[in-house]
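Trainee: Take this structure, written in structure tokens, and hold onto it; I'll ask about it next.
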Amino acid sequence: MENIIVAERNQLFLDQWEGRIPKRVPITQQVDTACAIELKGYSLLREQYSPEKVLEAIDYTTSLIDSDIIPVSIAQNPVYLRVMGSHKFSLGSDGYIQHANICSMRDDEYKEYTEDIYYFNATKGVDRLYDNLTLTGNKEISAMQNATVLLKGLFAQQNYNQVFIPGRQAIIKKYNRSTWDLYNAIACAPFDTLADFNRSFTEVLKDIRRRPQEVLDAVEALTEYEIQRIDRSTPAEKGKRVFFALHMATFMRPKDVEKFYWPSFMKVIEYTQKTGRGIYVFCEENWNSFLDMVAELPEGTLIRFEKTDPKLAREKCGMKHIFTGFFPMEVYRSGTVEEAIEKTKKFLDIVAPGGKYQFMADKSPLRGRDVIIENIQAVIKTVQVYGVY
Amino acid sequence: MIEYKTKLYKTDEDIIKEYNLIEEELDYLLPALRKIEDQVFSILIRL
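Protein chains in written order, with my numbering: chain A, 1 to 389; chain B, 390 to 436.
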């Protein structure tokens, strides 16, 4: 049975899910795992590879940052990335895991890709994104290495998760954090999948000018691909949301967004809604020019913003959605505690009225240097007190 | 401890070389890779 603190925290989210004003603004601030490791005084080159040490860092960070949820987001497993020789997510020289702008599909391969995305990704895609593996047989890698690398990847995930997942759950319990998940599944806007995992951010922007029909055909095939991804995810349940991080729209011209990006994304959203799942959309960068489109998202959608104007967003969307984000992360890493408190109060005066806001900064602190502990603690304490309805 | 005389078995030195491990990675990454290599080896010798 959950204790009273956890029950109260869960209630904040349940109230918003069911359209009621919660007792206070829920706090969902999280930092990156790398940030937690560095706050603990550990190194990304050393302790990051040990799930036990990462859990120590998460425990320490949770003891410092009183979010309603566990304040450290889940990262990629670095042992797995090393075993597979991953390019897509790779470790920099300082051990930080980066999402690289990698092209795993040539521009003359659209037809082949569109005909069977799964097969393309499992063959050419794997060959180009992982150094240590070939599923086409076109790299100088022995059958023995192929077989063993696949096994090693499986063991890398198993070994890490066997320690990490129960350890993380124990920390949630130890610090009485909400058991409410921000999301339980991840999907993408079809155009983002093409950009993130196949053509790269830069190449796909050339493609929409040079081979628009092929891009549209790919995006149509990817719409079904994303719908199948949702079907494979956890079943619909109260409070469960599918997370979509929207990457490419703000780098595109509005007319290109209308043609290549938004219609297929909305098909996936409409399908998600039809299945009874909740929706969580992260509008990265500045969406001021696209808020009429954002307003089309279903009622109750949780929307995270970075640099978008919060007043304009509310003006365009009304009270249809729950918002999160907006708060400048800069307040966590510079300025005084007094300034942090003052900025938090002014910010809450804008976003809190109406009960449809969850507190989180515009960006997640990625490294230890992104956070002055006294500042983030002052901000969270202020939300806990000043954010009461 | 059994001393295996087969090229299927990788020593710590083999692992360090294969993954280009640097000094900072020897405390935690090497043991993680050692465990994985042993798991794979235990499968290979049973085939």
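Glycine residues also receive a C-beta, built at the ideal position from the N, C-alpha and C atoms.
1) If you scan the segment 73-150 of chain A from start to end, which runs of the beta strand (DSSP E) of 3 or more residues do you find wholly inside it?
2) Rank Ala100/A, Val72/A, Cys317/A and Arg106/A by C-alpha distance to the C-alpha of Leu182/A and give the top, closest one.
3) Among the residues of its own chain, which have a CB less than 7 Å from the CB of Gln48/A, if the five just before and after it don't count?
4) For a test of the three-state rule: what should DSSP assign to Tyr280/A, helix, strand or coil?
5) Around the C-beta of Ile5/A, are 16 or more other C-beta atoms found within 10 angstroms, so that it is buried, or is it exposed?
6) Tell me whether Gly325/A sits in a helix, a strand or coil according to DSSP, three-state version.
7) Distance cutoff 8 Å, beta carbons only. Does Ala313/A sit that close to anything in chain B?
8) Is it buried or exposed, Asn132/A, if we count other Cβ atoms within 10 angstroms and call 16 or more buried?
9) Taking only the alpha-carbon atoms, compute the straight-line gap between Lys238/A and Gln11/A and give it to the nearest angstrom.
10) Threshold first: 4 residues or longer. Then list the alpha helix (DSSP H) segments lying entirely within the segment 267-322 of chain A, N to C.
11) Could you tell me whether the Cβ atoms of Pro171/A and Ile74/A are closer together than 8 Å?
12) Tell me the residue span of the beta strand (DSSP E) that contains Ala340/A.
13) Among the residues of its own chain, which have a CB less than 8 Å from the CB of Met252/A, if the five just before and after it don't count?
14) Just curious, the alpha helix (DSSP H) that Ala221/A is in, first and last residue?
15) State the DSSP-derived secondary structure class of Tyr42/A, mapped to helix, strand or coil.
16) If you draw a straight line from the alpha carbon of Pro139/A to that of Asp127/A, how long is it in whole angstroms?
17) Would you give the residue range spanned by the beta strand (DSSP E) that Arg423/B belongs to?
18) By the 7 Å beta-carbon criterion, what residues does the segment 155-166 of chain A contribute toward chain B?
19) I'd like the list of long-range same chain contacts for Glu414/B, defined as Cβ closer than 6 Å, with 5 residues on each side in sequence excluded.
Mentor: The short version:
1) 89-91 and 97-99
2) To locate residue 182/A, count along the first sequence from 1; it is residue 182. Closest by alpha carbon: Val72/A.
3) As a position in the first sequence, residue 48/A is number 48, starting the count at 1. Hits under 7 Å: Ile37, Val54, Pro78 and Gly95.
4) Along the first sequence, one-based indexing puts residue 280/A at 280. Three-state DSSP puts Tyr280/A in a strand.
5) By one-based count along the first sequence, residue 5/A stands at place 5. Ile5/A is exposed by the Cβ-count criterion.
6) The residue labelled residue 325/A in the question sits at position 325 within the first sequence. Gly325/A: strand per DSSP, three-state reduction.
7) For this step, residue 313/A is matched to residue 313 along the first sequence. Closer than 8 Å: no.
8) Taking the first sequence and counting its residues from 1, one reaches residue 132/A at position 132. Under this definition Asn132/A is a buried residue.
9) Against the first sequence, residue 238/A aligns to sequence position 238. Against the first sequence, residue 11/A aligns to sequence position 11. So the two alpha carbons sit approximately 13 Å from each other.
10) 291-294 and 310-317
11) For this step, residue 171/A is matched to residue 171 along the first sequence. For this step, residue 74/A is matched to residue 74 along the first sequence. It should be pointed out that residue 171/A corresponds to Ile in this sequence rather than to Pro. No, Cβ-Cβ distance for Ile171/A and Ile74/A is not below 8 Å.
12) What you label residue 340/A is simply residue 340 of the first sequence in a count that begins at 1. In the DSSP annotation of this structure, Ala340/A is not part of any beta strand (DSSP E); the continuous alpha helix (DSSP H) holding it starts and ends at Val337 to Val351.
13) Along the first sequence, read from residue 1 onward, the residue named residue 252/A stands at position 252. Taking Met252/A as the centre and dropping the five residues before and after it, the same chain places the C-beta of Leu205, Ile208, Phe260 and Tyr261 closer than 8 Å to its C-beta, in chain order.
14) Within the first sequence, numbered from 1, the residue matching residue 221/A stands at position 221. Taken as a continuous stretch (DSSP letters only), the alpha helix (DSSP H) holding Ala221/A covers Pro212 to Arg232.
15) To locate residue 42/A, count along the first sequence from 1; it is residue 42. In the three-state reduction of the DSSP assignment, Tyr42/A falls in the coil class.
16) Position 139 of the first sequence, counted from the first residue, corresponds to residue 139/A. Position 127 of the first sequence, counted from the first residue, corresponds to residue 127/A. Note on identity: in this sequence residue 139/A is Lys, with Pro being the wrong assignment. Using only the alpha carbons, I get a separation of about 8 Å.
17) What you label residue 423/B is simply residue 34 of the second sequence in a count that begins at 1. From DSSP, Arg423/B is part of no beta strand (DSSP E) but of the alpha helix (DSSP H) over Leu418 to Leu433.
18) Phe155, Ala156 and Asn159
19) The count along the second sequence starts at 1 and reaches residue 414/B at position 25. So no residue of the chain qualifies.
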